[in-house]
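In the working numbering, the protein residues as written are 900 to 1092.
By construction, the Cβ of each residue, glycine as well, lies at the ideal position given by its N, Cα and C atoms.
Since the structure is predicted, the reported quantities are computational estimates derived from the model, not experimental observations.
Heads up: the structure comes next, in structure tokens.
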Amino acid sequence: MRMILLGPPGAGKGTQAQLLTDRHGILQLSTGDLLRAAVGAGTSIGQRAKDVMARGELCPDDLVVSIVSKRIDEPDARTGFIFDGFPRTVAQAQALDRILAEKGLKLDAVVEIRVDEAKLLDRIENRVAQMKARGEPTRADDNPEVLRKRLAAYRAQTAPLIDYYASKGALRTVDGMQGIQEVANAIERAIES
Ligand code: AMP
């Protein structure tokens, strides 16, 4: 299965992608994680991405598309993948269409996790509190000021993907304001439909 999880920061894409991975044994492919790893390793991609990410803006399409294209060629992606945080612009979605067509692959589902934006700040604050309680390092971009920028980037650049995939008849929408398990069940129903 190959699918996309769409939704603003804090919608629960990472949590739901992890549950889908556990249930279906397919790879979670988070461009945010790949970029953070590149920043941590100090690669040339990481150097290009670091300041952009810290500001809560989107990294250049060409950079993100190239890491995704390489990643889906790896053996662990053969049985499928769940994109979490990709595509984030219409240009990325078009590039993904081209890449998949070249590789003879198809998308099975695009699921939008719809949330009440007013509640997102609370969710991010909870996520930070939980990570701190577990002694994990917190994300530099998980703070109210940068979150506002990430939300603005979502509205301006990523939300148009909802129409992009709806017009292809590929979009399924689930209510992301329910509990984690309820959202997971709704996603299962959406990908079966
Ligand atoms: P995330 O972990 O998905 O919230 O992503 C964290 C940050 O990484 C974003 O705010 C962007 O700066 C960058 N990023 C992740 N995925 C993408 C993408 N598909 N396109 C552009 N920038 C991205």
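When the distance is taken between beta carbons, is residue j closer than 8 Å to residue i?
i: V1009; j: R1071; result: yes
i: V967; j: C958; result: no
i: I1086; j: Q915; result: yes
i: I903; j: L1004; result: no
i: A992; j: Y1063; result: yes
Since residue i and residue j should fall inside the 8 Å C-beta cutoff, what is the C-beta to C-beta distance between them, to a whole number of angstroms?
i: R1049; j: D1040; result: 7 Å
i: L1019; j: L905; result: Not quite, the Cβ-Cβ distance comes to about 15 Å (not below 8 Å), so this is no contact.
i: G1078; j: A910; result: Not really, about 14 Å apart at Cβ, beyond 8 Å.
i: E1093; j: P907; result: This structure does not reach residue 1093, given that the chain is present from 900 up to 1092, and the question cannot be answered.
Which value, in whole angstroms, describes the spacing of the CA atoms of residue i and residue j?
i: A1052; j: V963; result: 15 Å
i: T978; j: A994; result: 21 Å
i: L1046; j: L999; result: 31 Å
i: D975; j: I925; result: 8 Å
i: F982; j: K1031; result: 26 Å
i: P986; j: R1038; result: 21 Å
i: P1043; j: A1058; result: 20 Å
i: D1021; j: I1012; result: 17 Å
i: A940; j: Q1056; result: 28 Å
i: R1026; j: K912; result: 13 Å
i: E1081; j: G1068; result: 24 Å
i: R997; j: D961; result: 13 Å
i: L934; j: E956; result: 13 Å
i: K969; j: A937; result: 14 Å
i: R954; j: A948; result: 10 Å
i: M900; j: S929; result: 16 Å
i: Q927; j: R1088; result: 19 Å
i: I1023; j: E973; result: 32 Å
For residue i, which three-state DSSP category applies?
i: T1093; result: The question about residue 1093 has no answer, for the chain in this structure spans 900 to 1092.
i: S1066; result: helix
i: D983; result: strand
i: S943; result: helix
i: R1071; result: strand
i: L905; result: strand
i: L957; result: coil
i: R970; result: helix
i: V1014; result: coil
Nearest chain D C-beta to residue i closer than 8 Å, yes or no?
i: Y1053; result: Absent from the structure: chain D. Only one protein chain is present.
Examine the Cβ distances between the region 937-949 and the region 910-925 and report whether three or more of them are shorter than 8 Å. no
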